[in-house]
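>
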Amino acid sequence: MNSGYWVKSDYQKVKVVTVHNIPKRDLKAVVQAYRASGAQVKTESEAGRDNEYCVTAISG
1 MNSGYWVKSD
11 YQKVKVVTVH
21 NIPKRDLKAV
31 VQAYRASGAQ
41 VKTESEAGRD
51 NEYCVTAISG
């Protein structure tokens with residue numbers, strides 16, 4: 001379900017997490033939770049699925 005990975009450079013550590021197949025009714029709560037943790041959040045429609053979304057959260 002959730003996948004995440006770390007990218008390490010000389011300057012920072014960045015965590016990228018993408019959550020797929022989020023129903024529209026849950027989307028706002030998921031986005032708010034990631035934003036509350038200080039992450040930058042990007043929301044996209046899930047390809048080929050109606051009323052489902054994926055959220056990518058980037059924190060560092």
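With full-length UniProt numbering, letter number 29 in the sequence shown gets 29, and the count goes up by one each step, no holes. From the three backbone atoms N, C-alpha and C, an ideal C-beta is built for every residue, glycine too.
Go through the stretch 3–56 residue by residue and report every complete run of the beta strand (DSSP E) that reaches 3 residues or more, in order.
3–8, 13–23, 40–45
> Which of helix, strand or coil does DSSP assign to Met1?
Model confidence at Met1 stands at a pLDDT of 47, short of 50, so the residue's coordinates are unreliable; what they give is reported in the following sentence. Three-state DSSP puts Met1 in coil, outside helix and strand.
> Is Val14 buried or exposed, if buried means 16 or more other CB atoms sit within 10 Å of its CB?
exposed
> Compute the Euclidean distance between the alpha carbons of Arg35 and Ala57, then round it to the nearest angstrom.
8 Å
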